[in-house]
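Notes follow the structure.
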Amino acid sequence: MSASQTAEQAARRTLAEKAGVRNVYLEQLATFADPVRNPRGWIPTIAHLALVPATVEPADPGAQWDNARGRRPLAYDHRQILRTAVDRVEGKLWWSTSPSASCPGRSP
């Protein structure tokens, strides 16, 4: 994130650069700022949740989609961040049409 961008602008820019995704549903998920979450020091993270169609191929050759319920090791507290995102999406399925908008063959 640069000093000239909001957190949302940085999230949208990263989605465009890494995944080639633009114009998707995006919301701020949570701030993760436990002082010991990263061994390099206190590094807060503002996590965002984007609903991206499953058919989208990442634009960055070093990026890949992964199963949110997978057991692959993740760095630092990223498992907690992912768990928070999954909980949010599952909750939205009860009261919102936002998640279904990213499903193939569906329209919002």
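For the sequence shown, the numbering used here gives the first residue as 27, with consecutive numbering after it.
Backbone N, C-alpha and C define an ideal beta-carbon position, used for all residues, glycine too.
According to DSSP, residue pairing for residue 56 in a beta bridge involves 73. With the rule of 3 Cβ pairs closer than 8 angstroms, the segment 68 to 80 counts as touching the segment 51 to 58. Taking the Cβ atoms as the reference, residue 112 lies roughly 5 angstroms from residue 94, within the contact range of under 8 angstroms.
The beta carbon of residue 98 sits closer than 7 angstroms to those of 92, all from its chain and outside the five residues before and after it, given in chain order. Taking C-beta atoms under 8 angstroms as the contact rule, residue 33 and residue 52 fail to qualify, at a distance of about 11 angstroms. Under the DSSP definition of a beta bridge, residue 51 partners with 77. By the criterion of a C-beta distance shorter than 8 angstroms, residue 31 is surrounded in its chain by 39, once the five residues flanking it on both sides are discounted. DSSP places residue 117 in the uninterrupted alpha helix (DSSP H) bounded by 104 to 121. Residue 100 sits exposed, since fewer than 16 C-beta atoms from the chains shown fall within 10 Å of its C-beta.
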